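One structure below.
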Amino acid sequence: MKFKRTLLLFLLALVVSTVTAQGPQTCTANLEAKCDGGSSNGWKGEFFPGISKIKYEGPTSKNPLSYKWYNAEEEILGKKMKDWFRFSVAFWHTFRGTGADPFGAPTKSWPWEDGTNSLAMAKRRMRAHFEFMDKLGVERWCFHDRDIAPDGKTLVESNANLDEVVALAKELQEGTKIKLLWGTAQLFFHPRYMHGAATSSEVGVYAYAAAQVKKAMEVTHYLGGENYVFWGGREGYQSLLNTDMQRELDHLARFLKAAADYKKKIGFNGTLLIEPKPQEPTKHQYDWDAATAYAFLQKYGLLECDANEQFDDVCCHHELETARINGLLGNIDANTGDPQIGWDTDQFLTDIGEATLVMLSVVRNGGIAPGGFNFDAKLRRESTDVEDLFIAHISGMDTLARGLRNVAKLTEDGSLAELVLKRYQSFDTEIGALIEAGKADFETLEKKVMEWGEPSVPSGKQREEEEEEVKKKRREGKGGGDRKREPLSRRGSSDKLTARTRSDSKKEASASKEGNAGHIAAQTFTFRELAAATKNFRQDCLLGEGGFGRVYRGRLENGQVVAVKQLDRNGLQGNREFLVEVLMLSLLHHPNLVNLIGYCADGDQRLLVYEFMPLGSLEDHLHGSFFLPYPVKLATISPHLEAQVLLDPIFFGHLKPYIPADKEPLDWNTRMKIAAGAAKGLEYLHDKANPPVIYRDFKSSNILLSEGYHPKLSDFGLAKLGPVGDKTHVSTRVMGTYGYCAPEYAMTGQLTVKSDVYSFGVVFLELITGRKAIDNNRPAGEQNLVAWARPLFKDRRKFPKMADPLLQGHYPMRGLYQALAVAAMCLQEQAATRPLIGDVVTALSYLASQTYDQNAATAQNTRVGPSTPRSRSGFDNQQAIHSPHRNSPDLRQRDLVKGVSKGAKHGRGGSGGGSGRKWGLDELETQESQMDSPVHIGRARDSPKNIDRDVAREHAVAEAKVVFVMLFGNCLHPVNSLAVTFYGLLFLFGLLTFKDSMEEEYDNFNLMNSISINSTAKDVTSKTAPEHVELLWSNLEGDDNSFSCPKALCAWE
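Using the UniProt record's numbering, the first residue of the sequence shown is number 1, and each one after it goes up by one.
What follows is the structure, given as structure tokens:
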């Protein structure tokens, strides 16, 4: 059984204030305590008359009401057991649990219960609680405000009830010498907190939570509490569709800061703690674990607010070691959870091995403070005797005590320390010491690798087992007993020799260098030659510049026109990047890679000479400047509209933007051609190069265009050799360009070929939309291209809105659907769900081969309505004109469920649209859909031309349905992701027929055999695969926006 996945984070330790301690506003001393003068043995046995004080009797005792391993006064590792644990008994389940569950009534009838929730009943529970703790021998307790006192009809009444019970608790504490470890406010159970407390969307709830915490903090202070806890409740969310996460986290931070201020104001010297709860009870908890909570505190400056406030410790449960190594361990909620449920069910820890690991962290921490071990007993439904309460606590305390004894054995004989020391002994060398001191740079380490060769990785076995394995291999002739001993930094805890010797490594490295040198075909130039070629790097020869330096147009002595890149000695690229690019482009040759003609390495000058690309970069064509034929005065226009005015027909509808002849916007066919060519270049790096090469800086400015808009990849300074053998990734520092980096690479530094696929998706989306990857001139929600596109990917009715307005509607509807589907697949956040670049090449080669006749489409398109947009600015919405046509996606309401229930199948006579016609791919007309995105307005809808248009449109819609289900469906079944991706692309481009493959392939994949869609209009569970395709898509077509988005189409959230 797993140790409970909750934790307490030590949040605040504020400096002692001179403010006088204040108690509750009303403290009624209506006491009914049954103790005499504070004697721990003076209880009259009101609730547990037959049970004596629990004592330690040792492991051989048969008495269930005795400690077998926990001996409070026994000294272990220089400290008494009771001081290692600082045990406390919590109030809630122990004295409020009834045995009820969702399927049954209460089973427990405790002697202190009378079936009410009155104030008198609360006082009886409090007396029972102290009698229980006294007989258990525990010296601390903890509580929730609403568990010890009944909730009143108003806040005033609730506070008055709490005051009376607290007054009784104060008297009982004085009589028993039991201390309060911590108190807290219960911001969890009441319906007002269904959306959280400090993170609630209602300001009234936020205020009520603050008032409740204020009162709970006051009574904790009054009772002499050592800590105050912010108990983890419903501080999270179920869906991001209706959640402003940033705003909620801001509110939570301000709530905690206000609590810290009030703590100081009332002179409470205890610490503040917070108890995160992973997935309990909301799906996504803000206080997920120790690291998440600590990062939250850092972000909002809560670790060090000012000179008088300091956040010292964080204490946790399931990540004790994470807290310990950060100096944050302070309190443990020592309950466990049900492995089938997956979260805390407040049961007792009984796993000795887990308890040993827990106590190992505690011992390494030097103890547990300012908190302790608190737990309560959530007895099983069938445990109904009061003795069971004692046995439950005894069991939990004995388990932890046995774990402590195990740690003592491991610690005292030194075996554990020796094991750890041996494992890391390779760092106890000169180079290891340099690494740990932060003085070993990459160049030094690279030299060591060249000297040592491939390192060996030691087994995780213990030394004796490793030595036996070495002897066995030597007997079998696999050992290498005559080998030289490797340097310590290449060996593990044993002397097993498995790598090449140092001399062998040197020989291989030398041979490798000689072999590579023979393949480098690039010419060498002197700086004088390149200065002459560029007219001494004159400004009028400048083609562009970036973080690496400047690029000039030049002409060599033989008349060849070239591009010369001069690296800035203070720029972003240095010798390493220079050498990488020379090596890469000297060894890699492909029609879609730029040709390196030569290089210069005179002195500190570093220059690269490339073939000249007359059409510049893709970035130039997508985002280059346009100019009006004459100046425009903008004095009367708001400054933030200035950039928009130059192109926006809203302001200058009578003017057309002046586009130079060599800067004409790229048409649809050219864009698909460029995308396909760039993908082929990337495919060569990933699949044809050996070892594979990861480009790492795929962006529109690095795609150069030669005559005929033939794309070539350039700038290989950041390229990395990809993983080989069994390795899945390479780890490296994060490099590249913001907006293009894959999320997993940006966060972890783990680089794979799928990282390049993500970057390709960004560039492909740039080609489709005409937008920049990052554009700070756009509104806040549109500055990041991928973030802007993600919600639009989920609604096909918005696809036309994503097309570049400069295309002026000249694109095939089906081609747009297919292109966006490929882009969306490449931009999956999970790398495993992205396609391989080879699949992308197959897809884009098809798209590039489908020539779109702009003139023919224009002749067909006689749309009545607003003029065709002539710029990107201000006309995004006009690209998504909604149609009143009865067969348009905006108004058509399909009864697909009814059609399926009658036995209709895709491509077999089922109703595919409002028109009633079939839309199986194999039964539709084969002509290409070349319709503009918005449906015609104001035409007779039953004319032959319209019928043809509807058929073509239904063909495109049907294919798009298959694309989305197949491409995004792999999110549901990761095991089948590769198969789904591959077959999804085949469906996308018509390489498999719909009729012959639909049922068979879905049966093979089990793609959506258990999908469940929660919608106000539909309820689908465990349908057959073809039905799922219909229902999944129809769920997105309705007018009701309150549906729960299926995971397959909402993967980004």
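Note that the Cβ used here is the ideal one computed from N, Cα and C, for glycine as well. A quick note: this is a predicted structure, and the numbers were derived from the prediction, not measured.
{"Query": "Residue environment, residue 751, which counts as buried when at least 16 other CB atoms sit within 10 Å", "Result": "buried"}
{"Query": "Coarse secondary structure for residue 284, derived from DSSP in three states", "Result": "strand"}
{"Query": "Segment limits, alpha helix (DSSP H) that includes residue 826", "Result": "813-826"}
{"Query": "Endpoints, alpha helix (DSSP H) assigned at residue 363", "Result": "352-364"}
{"Query": "Other residues of its chain near residue 754: CB distance less than 6 Å, five sequence neighbours each side excluded", "Result": "831 and 834"}
{"Query": "Same chain, Cβ closer than 6 Å to residue 319, five either side skipped, listed in chain order", "Result": "289 and 290"}
{"Query": "For residue 714, the three-state DSSP class (helix, strand or coil)", "Result": "coil"}
{"Query": "Boundaries of the alpha helix (DSSP H) in which residue 214 is found, first to last residue", "Result": "203-222"}
{"Query": "Cutoff 7 Å; reference residue 69; Cβ partners in own chain excluding five residues on either side", "Result": "59, 398, 401, 402 and 405"}
{"Query": "Residue 285 beta carbon less than 9 Å from that of residue 236", "Result": "yes"}
{"Query": "Sheet register partners of residue 568 (DSSP bridge)", "Result": "Note: residue 568 sits in no beta bridge, so no partner."}
{"Query": "N-terminal and C-terminal residue of the alpha helix (DSSP H) that residue 187 is part of", "Result": "Run containing residue 187: none; DSSP gives neither H nor E here."}
{"Query": "Rounded separation between residue 187 and residue 321 - CA only", "Result": "29 Å"}
{"Query": "Selected residue, minimal CA-CA separation from residue 617, among 674, 819, 734 and 205", "Result": "674"}
{"Query": "Touch test, the region 211-224 against the region 172-191, Cβ-Cβ under 8 Å, three pairs minimum", "Result": "yes"}
{"Query": "Assumed close pair residue 87, residue 371 - CB separation to whole angstroms, cut-off 8 Å", "Result": "Rounded, the Cβ-Cβ distance is 11 Å, inconsistent with contact."}
{"Query": "Residues near residue 1059 in its chain [Cβ-Cβ closer than 6 Å; skip 5 each side]", "Result": "Residue 1059 cannot be examined here, being either before or after the span of the chain that is shown, 1 to 1053."}
{"Query": "Beta-carbon proximity list for residue 104, same chain, < 8 Å, skipping 5 on both sides", "Result": "381"}
{"Query": "Residues of its chain near residue 520, where Cβ-Cβ distance is below 8 Å and the 5 sequence neighbours each way are ignored", "Result": "Confidence is the limiting factor: at residue 520 the pLDDT is only 48, short of 50, which leaves the residue's position unreliable, though a coordinate-based value still follows. Counting only Cβ-Cβ distances below 8 Å, and skipping sequence neighbours, we find 582, 583, 586 and 587."}
{"Query": "Segment contact, 8 Å Cβ cut-off, at least three pairs: the region 428-445 with the region 92-101", "Result": "no"}
{"Query": "Reduced DSSP category for residue 383 - H, G, I as helix; E, B as strand; rest coil", "Result": "coil"}
{"Query": "Spatial distance of residue 361 from residue 390 (CA atoms)", "Result": "27 Å"}
{"Query": "Cβ neighbours of residue 670 in the same chain (closer than 8 Å, five flanking residues each side left out)", "Result": "709"}
{"Query": "8 Å contact criterion, which residue 1059 and residue 785 should meet: CB distance rounded", "Result": "A query on residue 1059 cannot be resolved here, the shown segment of the chain reaching from 1 to 1053 and no further."}
{"Query": "First and last residue of the uninterrupted beta strand (DSSP E) at residue 677", "Result": "Where residue 677 is concerned, there is no enclosing beta strand (DSSP E), although the alpha helix (DSSP H) it sits in stretches over 668-683."}
{"Query": "Residue range of the unbroken beta strand (DSSP E) whose run includes residue 141", "Result": "140-144"}
{"Query": "Cβ contact check for the region 258-269 and the region 291-299: 3 or more pairs under 8 Å", "Result": "no"}
{"Query": "Residues near residue 488 by beta carbon distance below 8 Å, same chain, minus five either side", "Result": "Note on residue 488: pLDDT 30, under 50, position unreliable in the model; no value is reported."}
{"Query": "The alpha helix (DSSP H) enclosing residue 842, as first and last residue numbers", "Result": "837-849"}
{"Query": "Sequence-distant residues of the same chain with beta carbon closer than 6 Å to residue 151, five excluded per side", "Result": "158"}
{"Query": "Contact under 9 Å by Cβ, residue 356 with residue 77", "Result": "no"}
{"Query": "Residue 92 versus residue 147 - alpha carbon distance", "Result": "6 Å"}
{"Query": "Validate contact between the region 547-564 and the region 601-618 using beta carbons, cut 8 Å, 3 pairs", "Result": "yes"}
{"Query": "Inter-residue Cα distance where the pair is residue 448 and residue 459", "Result": "23 Å"}
{"Query": "Cα-Cα separation between residue 176 and residue 71, rounded to whole angstroms", "Result": "20 Å"}
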